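Everything on this sheet refers to the single structure shown next.
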Amino acid sequence: LLSSKKHKKITGVAYTTDKSYYYFFDKDRARLQKDLEAKFPGTYVVVTDMDDDENRIICATYSDKARGTYYLYDRKTDQIEKLAELAPWLKEKQMAAMKPIKYQSRDGLTIHGYLTRPLGVATSKRLPLVVIPHGGPSSRNGWGFNPEAQFLANRGAAVLQINFRGSTGYGKAFWKAGFKQWGKAMQNDITDGVLWLIK
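Right under this line is the structure:
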């Protein structure tokens, strides 16, 4: 939930499917987001804090290729000031893209995940593959900068991250489908993802 302390109301929600998105109930908050996204095209923009008048905004930007940068935005003057870059030594042009993927498991369940290929590689043929299962198991992989995936892609490997059954963010039925399935259907989802990618 997104809220306004100044106006004492809920202004919108943030949700995740393949990537993270916003839905706003409040026109002013929607306009702020639109203004920020126009200033940082191609990145995901998160408002992390505001002053009491909601005129001075601290926001962070990130993407699958950039760890993130914090900025101070003054709505009255429309000025942006860079505060801190989280990893200035990483060059975005040298990072690999993270692509959302989905496939059918052997029992017909739709499984979502992410594939990161080495930079400049259009196909996954003849590439070594590393699968990185998320922890939990009741958690999930998300789109964004992943240091492990970038390290491995930089060394020439494709990286597959799978949100197998039991992962959160896909509804209660999908979460419950992982109950008592450690090393069983949950593991099959990972294997089926590798077989899907090979095909």
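Residue numbers (my numbering): 4 to 202. Positions of the beta carbon are idealized from the N, C-alpha and C atoms, including for glycine. Quick caveat, the model's predicted, so the values are computed rather than measured.
Item to check | Assigned secondary structure, R59 (DSSP; H/G/I helix, E/B strand, else coil) | outcome: Within the sequence shown, numbered from 1, the residue matching residue 59 stands at position 56. The answer is strand: DSSP assigns R59 an E or B state.
Checklist entry - Taking the Cβ atom as the reference point for each residue, do N144 and Y117 lie within a distance shorter than 9 Å? => result Here residue 144 refers to the residue found at position 141 when the sequence shown is read from its first residue. Here residue 117 refers to the residue found at position 114 when the sequence shown is read from its first residue. The Cβ-Cβ distance between N144 and Y117 falls below 9 Å.
Item to check | Every unbroken alpha helix (DSSP H) within the region 90 to 165, with a cutoff of 4 residues, ordered by chain | outcome: With a minimum length of 4 residues, the continuous alpha helix (DSSP H) runs that stay inside the region 90 to 165 are 150 to 157.
Checklist entry - Can you give, in chain order, each stretch of the alpha helix (DSSP H) that sits fully within the region 19 to 47 and has at least 4 residues? => result 30 to 42
Checklist entry - Are the beta-carbon atoms of L112 and D54 separated by less than 9 Å? => result Working through the sequence shown from its first residue, we reach residue 112 at position 109. Working through the sequence shown from its first residue, we reach residue 54 at position 51. Result no, Cβ atoms of L112 and D54 do not sit closer than 9 Å.
Item to check | Given K3 as reference, the closest of S170, D77, F182 and R70 once Cα atoms are compared | outcome: No information on residue 3 is available, as it lies outside the stretch 4 to 202 that the chain covers here.
Next on the checklist: Quick check: the Cα distance between S7 and G169, rounded to an integer number of angstroms?
Outcome noted: As a working mapping, residue 7 is identified with position 4 in the sequence shown. As a working mapping, residue 169 is identified with position 166 in the sequence shown. So the alpha carbons of these two residues sit roughly 33 Å apart.
Next on the checklist: Can you look up T80 in the DSSP assignment and give me helix, strand or coil?
Outcome noted: As a first step, residue 80 must be located in the sequence shown, where it is residue number 77. In the structure shown, T80 sits in coil (DSSP, three-state: anything other than H, G, I, E or B).
Next on the checklist: What does DSSP give as the partner residue(s) for A87 in the beta ladder?
Outcome noted: Locating residue 87 in the sequence shown gives position 84, counting from the first residue. Partner(s): Y73.
Checklist entry - Relative to the alpha-carbon of R109, which residue among L5, K12 and L198 has its alpha-carbon at the smallest distance? => result The residue given as residue 109 occupies position 106 in the sequence shown. It is L198 whose Cα lies nearest to the Cα of R109.
Next on the checklist: Please report the distance separating the alpha-carbon of L21 from that of Q164.
Outcome noted: The residue labelled residue 21 in the question sits at position 18 within the sequence shown. The residue labelled residue 164 in the question sits at position 161 within the sequence shown. Checking the sequence, you will find Asp at residue 21 rather than Leu. Straight-line Cα distance between these residues: approximately 12 Å.
Item to check | Opposing strand residues paired with V16 [DSSP bridges] | outcome: Counted from its first residue, the sequence shown places residue 16 at position 13. Its beta-bridge partners are Y26.
Item to check | Same chain, Cβ closer than 7 Å to T14, neighbours up to 5 away in sequence not counted | outcome: Here the question's residue 14 lines up with position 11 in the sequence shown. So the list reads L5, S6, S7, F27, F28, D29 and R32, once near-sequence residues are dropped.
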